[in-house]
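Participant: Numbering (my numbering), first residue to last: 2 to 292.
Idealized CB from N, CA, C, for every residue including glycine.
Computed from a prediction, not measured in an experiment: that's the story for all the values here.
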Ligand SMILES: [Zn+2]
């Protein structure tokens, strides 16, 4: 049953998780299961430093609670860098994350593509695509992309590589590269550009045109309220902060109508577990509205 519906879950561990006295992420699936959730994004944002034993335990927990797992790769990745050493380190960060994902049974490795720096956006995008091609080749040699997909994320600041168009260009490198659509980042980067249903439809339509309709079924989505300035993303917020968008309800309605099976990872600032549960409820309400 779960396979035919979206998965909802949290990115990293919430304030509530720690307040309950938990420390190890090995308790994350059980904790989130208690909130009615079924997805978890393990954050390796400061480096992939986990043992095979940890990955095996994570996989066991995920199977026990029927969870979908993903990994957020380190922030240090910059596929567009002009510096050979940074490019080589970026390759290693992604390969390490993919090996961990393989051991955990994680379906996605999400990563930030890089920074524009002293190049045009087009140059940065093509440079990143070239390196990504090399990474896919190396990962394929190790058989790491049979279950797991590489997911470049849409970013929230203009100095970063990662508009939706740029991410879709990176996805053209291989079928094992598919987008991580962070709607909060898109909202921030476009100065609050996601206001209603047709804004979501426009973005989803763009994905379908570049990658085919099939790409929409298993989207990896990041969602949270976000605060932004003219420069884009300022910080992630919580639903309890009230005034921050984007609004999940129009997207919930589209997902319910289409019957797609995306994974929605909430990255709210400390209340990502509660907000993910709220998004799941909005989705269930949208499903009920259909019948
Ligand atoms: Zn991210």
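(1) Is it buried or exposed for residue 282, if we count other Cβ within 10 angstroms and need 16 for buried?
(2) Once DSSP output is grouped into helix, strand and coil, what is the label at residue 136?
(3) Can you tell me the Cα-Cα spacing of residue 187 and residue 152, whole angstroms?
(4) Would residue 203 pass as an interface residue toward chain B - the criterion being a Cβ-Cβ separation below 9 Å?
(5) Which partner residues does residue 265 have in the DSSP bridge list?
(6) Please state whether the Cβ-Cβ distance between residue 105 and residue 60 is less than 9 Å.
(7) Report the residue from 143, 67, 162, 103 whose alpha carbon sits nearest the alpha carbon of residue 112.
(8) Taking 8 Å as the cut-off, is the beta-carbon of residue 168 closer than that to any non-hydrogen atom of ligand 1?
(9) For residue 73, is the beta carbon positioned less than 8 Å from some heavy atom of ligand 1?
(10) With distances taken Cα to Cα, identify the nearest neighbour of residue 183 among 116, 237, 100, 284.
(11) Where do the ends of the alpha helix (DSSP H) carrying residue 274 lie?
(12) From what residue to what residue does the alpha helix (DSSP H) around residue 150 run?
(13) In chain order, what residues of the same chain lie with their CB nearer than 7 Å to the CB of residue 149, ignoring the 5 residues before and after it?
(14) Any heavy atom of ligand 1 closer than 8 Å to the beta-carbon of residue 94?
(15) For residue 273, does the count of other Cβ atoms within 10 angstroms reach 16, so buried, or fall short, so exposed?
Facilitator: In this structure, then:
(1) exposed
(2) helix
(3) 16 Å
(4) Among the chains in the structure shown there is no chain B, since it carries only a single protein chain.
(5) 9, 222
(6) yes
(7) 162
(8) no
(9) yes
(10) 237
(11) 273-291
(12) That residue, residue 150, is in no alpha helix (DSSP H); its beta strand (DSSP E) goes 150-153.
(13) 99, 102, 103, 107, 108, 109, 110
(14) no
(15) buried
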